[in-house]
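S.K.: So the sequence shown is numbered by the numbering used here: it starts at 38 and just counts up by one.
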Amino acid sequence: MTTDSSSTNRAPAEGISTFKGQDRALRADRLGTGGLLLSVLAATAPLMVVAGVMPTTFAVMGIVGQPLLFVVLGTVLVLFSLGYAEMSRHVHNAGAFYAYISRGLGGTAGAGAALVALVAYNSLQVGIYGIFGFEVSGLFATYADLEVAWWIPALAAALAVGVLGWLKIDVNAKVLGVLLVIEVLLVVVFDIAAVADPGKEGLSLHAFNPDTLTGAGVGTALCFCIAAFLGFEQAPVYAEETSRPHVLVPRVMFLAVAGVAVFFAVSSWALTVATGPATIVATSQEQSAGLLFFLTEDRLGSTFTDVLHVLFVTGMFAAMLSFHNVVARYAFAMGREGLLPAAFGRTTGSSGAPGTGSLLQTGIAVVLVLTFALTDDKPTGDPTAPVLHLFTWGGNIGALGVIVLMAIASLSVVVFFVRRGAAGAQAWRLATSAVAGIALVVIAVYTVKDFDVLVGTGPDSALRWILPGVIGLALVIGLVQGAILRTRAPETHARIGLGNEAFQLEKEAERTP
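1) List the whole-angstrom C-beta distance separating N433 from L504, where the pair is believed to meet the contact cut-off of C-beta under 8 Å.
2) Would DSSP call A82 helix, strand or coil?
3) DSSP three-state call for A181: helix, strand or coil?
4) Run through the DSSP bridge pairs and tell me what T385 is partnered with.
5) Helix, strand or coil: how does DSSP classify T33 here?
6) Using 8 Å as the threshold, is the segment 210-227 in touch with the segment 76-88, meaning 3 or more CB pairs across them?
7) Please state the DSSP three-state secondary structure of T251.
8) Would I533 be called buried (16 or more neighbouring beta carbons within 10 Å of its own) or exposed?
9) How many angstroms separate the CA atom of G149 from the CA atom of I508?
10) Roughly how many angstroms lie between the CA atoms of G394 and L240, to the nearest whole one?
11) Tell me the DSSP secondary structure of T279 in three-state form.
12) Return the first residue and the last residue of the alpha helix (DSSP H) that W502 is part of.
13) Rounded to the nearest angstrom, what separates F125 and T316 at their Cα positions?
14) Counting only the same chain and skipping the five closest in sequence on each side, list residues whose C-beta sits under 6 Å from that of G392.
15) Using a Cβ-Cβ cutoff of less than 7 Å, which residues in the same chain neighbour T429 once the five nearest sequence positions on both sides are dropped?
16) How many whole angstroms separate the CB atoms of T484 and C260, which I take to be in contact at a CB cut-off of 8 Å?
17) Using only the alpha-carbon positions, how far apart do M91 and Q103 sit?
18) Tell me whether W188 sits in a helix, a strand or coil according to DSSP, three-state version.
19) In this structure, how does DSSP classify R532 when only helix, strand and coil are distinguished?
20) Measuring straight from C-alpha to C-alpha, what distance separates S325 and D343?
21) DSSP on L285, reduced to helix/strand/coil?
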């Protein structure tokens with residue numbers, strides 16, 4: 038991706054149109070450290086990762102050392118966060134990724150990143166509706182003896198999320214916080230139970246042995262595991278809604294990355310302890326996504342397992358709401374800067390929420406859920422199709438998009454500080470950003486290479502290229518849009534990435550006699 042020096046480190050200059058009206062700015066002072074941290078961590082959906090991602094990684098990849106992978110990825114993402122967090126001190130924009138990229142690589146690159154972010158987070162959010170609908174349908178069948186089509190609870194959840202998206206972000210944070218805390222506590226209870234009652238091999242630390250990270254499946258396992266971290270990078274999206282973004286955003290990012298790495302490393306280790314490292318792969322292949330519930334049934338009883346099933350579903354809802362809020366704010370930032378129609382760049386009523394962006398995300402979710410519902414041929418099709426398709430396709434397309442954004446953002450951090458003449462002062466952060474960027478590029482390459490494994494298609498299926506091609510297409514369309522704006526609407530192009538900063542500068546100018 039080429040840089041666009043004409044719009045790097047831009048500030049509103051004479052002749053550049055900016056924004057008028059309070060509805061062009063998100064409401065500040067809505068979130069403190071706790072609210073921001075809970076909003077970010079909810080996207081990681083801890084119970085969904087422990088019950089879904091971890092058994093799948095053990096079963097499909099055959100990698101016993103998954104706990105060590107979480108430690109390795111946590112280290113890479115901490116290195117990434119050092120530069121990313123420093124950027125957050127200089128740029129406060131709900132567009133986060135694309136705002137940072139535009140500041141380093143120019144407005145055209147920022148436009149490309151903006152569309153990638155919009156597609157990626159929409160894919161992540163909508164993908165969860167598939168597994169949510171499937172699990173709720175299963176709960177109705179198990180506990181109420183009712184057969185409910187998966188798409189009915191999925192659509193109901195989409196509407197509920199849409200309503201919450203219109204409320205104040207601090208209200209959303211409270212909802213997310215309650216659900217997240219309960220999830221985490223239940224997983225911790227399992228971890229303690231597993232350690233107290235280990236399998237035949239006892240409290241083995243074999244899963245942390247580097248020798249367990251050998252074989253062809255390691256690259257793909259990295260792709261699975263990095264998706265579990267997604268959410269920490271969302272902290273800058275809420276920067277405008279905090280009282281001290283230069284302090285809170287970096288603090289929350291580091292707390293999130295470190296907390297997620299430790300929590301998932303310990304929880305995946307607990308799974309190996311409960312079954313024994315020698316049998317974790319075979320047991321995961323046998324139990325699949327039922328592994329955690331199989332283990333809790335034996336150690337903690339049926340009542341605890343039933344509660345865990347319910348919280349598995351509410352955790353998905355929390356993740357959907359978290360991603361919904363991020364998509365709405367990206368749409369808001371893009372509308373405010375001319376990358377989407379201006380209607381998206383306005384907040385709604387007393388809540389100060391990006392209402393039009395929330396409607397956009399809800400509309401996309403409803404359309405895609407209905408599309409998959411209409412193509413779900415129950416009599417002859419696979420009853421798990423919504424999980425295997427909507428969830429798997431959406432989740433992996435979204436994860437690839439965020440990995441690509443993180444890799445480009447790492448480059449942007451380096452260019453941003455070099456051009457500001459701060460390379461010496463920021464040398465160690467630039468070095469960590471470069472190392473993280475290289476590691477993320479490697480993971481992105483593995484993700485594309487092994488996409489057929491990630492989405493469960495055959496190596497000869499066209500979907501192995503079509504699905505990751507969605508991210509490539511979004512990047513190309515965004516770059517073309519940016520190039521057109523640079524030629525035909527230079528004023529709009531010049532403010533890409535400035536966000537609320539341009540609005541605040543104009544307000545100051547209006548107050549000046």
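For every residue, glycine included, the Cβ atom is placed at its ideal position computed from N, Cα and C. Bear in mind that the values here come from a model prediction, so they are computed numbers and not experimental data.
M.R.: Per the coordinate set shown:
1) Counting from 1 along the sequence shown, the entry for residue 433 is found at position 396. Counting from 1 along the sequence shown, the entry for residue 504 is found at position 467. Correct: roughly 7 Å between the Cβ atoms.
2) In the sequence shown, residue 82 corresponds to position 45, counting from 1. Residue state for A82 is assigned as coil, using DSSP reduced to three classes.
3) By one-based count along the sequence shown, residue 181 stands at place 144. DSSP places A181 in coil when its eight states are reduced to three.
4) For the purposes of this step, residue 385 is identified with residue 348 of the sequence shown, where counting begins at 1. T385 is bridged to A390.
5) An answer regarding residue 33 cannot be provided, because it is not within the stretch 38 to 550 covered by the chain.
6) With a cut-off of 8 Å, the segment 76-88 and the segment 210-227 count as touching, because enough Cβ pairs lie within range.
7) Walking along the sequence shown from the start, residue 251 turns up at place 214. Looking at T251 - three-state DSSP - the assignment turns out to be coil, as it is neither helix nor strand.
8) As a working note, residue 533 is residue 496 in the sequence shown. Label assigned to I533: buried.
9) Walking along the sequence shown from the start, residue 149 turns up at place 112. Walking along the sequence shown from the start, residue 508 turns up at place 471. Distance from the CA of G149 to the CA of I508, rounded to the nearest whole angstrom, comes to 10 Å.
10) Counting from 1 along the sequence shown, the entry for residue 394 is found at position 357. Counting from 1 along the sequence shown, the entry for residue 240 is found at position 203. Rounded to whole angstroms, G394 and L240 show a C-alpha spacing of 49 Å.
11) Stepping through the sequence shown from its first residue, residue 279 is reached at position 242. T279 sits in a strand when the DSSP states are folded into three classes.
12) Against the sequence shown, residue 502 aligns to sequence position 465. Run containing W502: L500 to R525, per the alpha helix (DSSP H) assignment.
13) Indexing the sequence shown from 1 puts residue 125 at position 88. Indexing the sequence shown from 1 puts residue 316 at position 279. For clarity, residue 125 is Ser in the given sequence; the question names Phe instead. Each residue's Cα considered, the two are about 44 Å apart.
14) Working through the sequence shown from its first residue, we reach residue 392 at position 355. The beta carbon of G392 sits closer than 6 Å to the beta carbons of W203 and T385 from its chain, once the five residues preceding and following it are set aside; these are given in chain order.
15) For this step, residue 429 is matched to residue 392 along the sequence shown. The residues are V492 and G493.
16) Along the sequence shown, read from residue 1 onward, the residue named residue 484 stands at position 447. Along the sequence shown, read from residue 1 onward, the residue named residue 260 stands at position 223. 4 Å between Cβ atoms; contact.
17) Here the question's residue 91 lines up with position 54 in the sequence shown. Here the question's residue 103 lines up with position 66 in the sequence shown. Their backbone Cα atoms lie some 8 Å apart in a straight line.
18) Counted from its first residue, the sequence shown places residue 188 at position 151. Here W188 sits in helix by DSSP.
19) By 1-based counting over the sequence shown, the position of residue 532 is 495. Note: R532 maps to coil in three-state DSSP.
20) Walking along the sequence shown from the start, residue 325 turns up at place 288. Walking along the sequence shown from the start, residue 343 turns up at place 306. Each residue's alpha carbon lies about 18 Å from the other.
21) Indexing the sequence shown from 1 puts residue 285 at position 248. Helix.
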